[in-house]
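The structure appears below as structure tokens.
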Amino acid sequence: MKSLHVDPEEAVEIHKDVKAKHSLAIHWGTFAHWGTFSLAHEFYLEPPVRLREAMEKNGLNVEHFFVLNHGESRVMGEKEKEGAFD
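Written as structure tokens, this is what we have:
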């Protein structure tokens, strides 16, 4: 999967390289383990922890690069303003 995905540390580097205002971590915790077979090599909850560590090392906070909990959503941009949905 390495040709299609990046690890948390690489994701932070990409965020910095493209000078992103915001980034969202996706696909973490989505790869099931069946006995000895797994599509991922780490414990399914490890990527958010590694992302947080990489963010701290690079001076980023959750306002810059965030992880949603499973089932969570977030409105970004102009619709964040109060009354945007009225």
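Using the working numbering, read the sequence shown as starting at 10 and increasing by one per residue.
Using N, Cα and C, we set each Cβ at its ideal position, and we do this for glycine too.
Practice item. Take the Cβ of Val76 as the centre, count every other Cβ of all protein chains shown within 10 Å, and call the residue buried at 16 or more, exposed below. Key: buried
Review point. Between Glu5 and Glu72, what straight-line distance do the alpha-carbon atoms span, to the nearest angstrom?
Key: Here the chain comprises residues numbered 10 to 95, so residue 5 is not present and cannot be evaluated.
Check your understanding: Taking just the CA atoms, how far does Lys28 sit from Trp37?
Key -> 23 angstroms
**Study point:** Three-state secondary structure (DSSP) of Ala171
**Key:** No answer is possible for residue 171: it lies beyond the span of the chain, which begins at 10 and ends at 95.
Review point. Which partner residues does Val76 have in the DSSP bridge list?
Key: Answer by DSSP bridge pairing, in chain order: Ala34.
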